[in-house]
Structures are given as structure tokens and as C-alpha cells.
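The structure under discussion appears below in the form of C-alpha cells.
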Amino acid sequence: DLELIQNDTLANGIGSIELQDSTAFSNSSLANHTFAFRVGGLGNDSGPYLSRLGLFTPDSAGTSLTGRDDISNGGVTMSNSSITGALGAVDSTTGRASLALDGANYVAYVISANKLNIISSDAPDALAGVAERQLATSPAAAGGYVMAIEIGGTRGTFWIVGQLDVSGTGVAAGILSQNPGSDLNVS
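Using the numbering used here, the letters of the sequence shown correspond one by one to residues 44 to 230.
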């Protein structure tokens with residue numbers, strides 16, 4: 044994987060370049076697997092930031108989706124809502140497909156059978172994110188984890204970063220640093 048930065052008179056931005064697995068460029072490679080997704084960025088409904096986090100599972104054809112999600116739109120939240128949607132035909136050359144989740148429209152690019160990059164195609168929203176296949180159902184392994192919470196889900200615009208020590212029953216301890224400049228000990 045490669046990381047990149049844009050810094051010119053048009054805009055500032057960061058991103059990544061990932062090698063695609065072209066054997067996954069089909070709806071059947073995504074069928075019957077549950078994906079955790081997150082998208083965030085600038086939305087214009089209730090406020091400047093919109094974040095959406097949830098799960099969706101394509102059906103056996105890989106075209107019809109069901110799942111659940113949570114949305115924070117300018118501080119207004121909708122929790123554990125049932126969602127339906129559709130995944131258009133995956134282009135066999137580019138891995139590109141249309142994605143609809145409860146009336147919101149996106150474009151998805153298949154990285155592998157385990158990962159999709161997502162960007163909103165609805166104007167005027169500027170949302171992007173990722174969907175990753177859930178490979179394990181057991182709790183997180185004990186150990187140290189680093190976390191980052193981004194403002195509005197916008198990559199590189201961090202609100203909180205920190206380190207958490209996880210035991211078999213939950214978070215045992217940690218420290219979080221919040222922008223601007225305060226720390227919070229977790230115990």
C-alpha cells in the first residue's frame with residue numbers, strides 16, 4: 044500500500060493507493076458475507092459533519108443488501124436502524140459498482156473480496172469511507188490497541204487518538220488525547 048498527499052492550489056488532501064485483486068471483481072465474490080462499513084465527511088442535511096457506521100450483507104446474488112446502521116448527522120443521531128439497499132453490477136475491469144443504502148447513493152471500488160472503498164455520489168455531500176468483511180465473531184484479543192476518531196469521519200482530521208489496553212472482558216486502561224490538547228486517562 045502507498046500513502047499520498049495532495050497539496051496544491053486546488054485542495055489539500057491525503058489518501059492511499061491499494062493493489063486491487065481483480066479476481067474479486069464480481070458480485071458473487073461479495074455475496075453472503077457481512078461487511079462493516081463507515082462513511083463520513085461533509086453533509087448538508089443537519090450540520091457540517093455526517094458519520095455513518097453499520098453492517099450490510101449482500102444476498103446470494105451479491106446485489107440486494109440488508110443490515111443495520113447508526114448515523115450522526117450534525118449531532119442528530121439515528122441508532123441501530125434497519126437498512127436495505129442494492130449493489131450494482133461490479134465492473135470486471137475496474138471493480139467499480141454503484142451502492143445504495145436506504146436512499147443514499149455511493150460508488151464502491153472493490154479492493155478485494157474483503158474490502159471496498161466507498162464515496163458518496165449524492166450532491167452536495169462529500170462523504171467517503173470503507174467497508175470491510177467481518178472475518179471473526181469472537182471478542183478482540185487481549186493486548187494494546189491504538190485508536191483514532193476522526194472529525195465527521197474525515198480521514199486525517201483527528202478529534203481523539205489514544206492507546207487502550209484490552210482484557211478478555213473489556214477495556215482495562217488507556218490514555219486518550221483530544222484535540223485541542225487535553226488528555227483523558229481511561230480505567
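All C-beta atoms, glycine included, are put in the ideal place defined by N, C-alpha and C.
None of the values given here were measured: they were computed from a predicted structure.
Legend entry - Selected residue, minimal CA-CA separation from G186, among G83, G217 and Q177: G217
Inset, instruction - Return the bridge partner residues of E46 from the DSSP annotation. - result: S59
Inset, instruction - Would you tell me roughly how many angstroms separate the C-alpha atoms of S164 and N75, rounded to the nearest one? - result: 25 angstroms
Legend entry - Distance, L73 Cα to S65 Cα: 13 angstroms
Inset, instruction - Can you say whether V133 is buried or exposed, counting buried as having 16 or more other CB atoms within 10 angstroms of its CB? - result: buried
Legend entry - Cα-Cα separation, S122 to G97: 10 angstroms
Legend entry - Integer-rounded CB distance, given that A79 should sit under 8 angstroms from Q221: Contact doesn't hold; Cβ gap of about 25 angstroms is too wide.
Inset, instruction - Report the rounded CA-to-CA distance for V150 versus V173, giving the unit in angstroms. - result: 11 angstroms
Legend entry - Pick from E46, A67 and S71 that is closest to A104, judged by C-alpha positions: S71
Legend entry - Three-way DSSP call (helix, strand, coil) for T136 in this model: coil
Legend entry - Identified DSSP bridge partners for N116: L93 and V119
Inset, instruction - Go to G172, then tell me how far its beta strand (DSSP E) extends in each direction, as first and last residue. - result: A169 to R176
Inset, instruction - Go ahead and label R111 buried or exposed: buried means 16 or more other beta carbons lie within 10 angstroms of its beta carbon, across all protein chains shown. - result: exposed
Legend entry - Among L85, S59 and V153, nearest to P167 - alpha-carbon criterion: L85
Inset, instruction - Keeping to the same chain, check which residues put their C-beta closer than 7 angstroms to that of G205; ignore five residues upstream and five downstream. - result: M190, G217, I218, L219 and S220
Inset, instruction - Please list, in chain order, all residues of the same chain as A155 whose beta carbon is under 8 angstroms from its beta carbon, the five residues on each side excluded. - result: The sequence given here has Ser at residue 155, not Ala. Same-chain partners within the cutoff: Q63, D64 and A67.
Inset, instruction - Measure from the alpha carbon of L45 to the alpha carbon of each residue in Y188, D51 and I60, then state which is nearest. - result: I60
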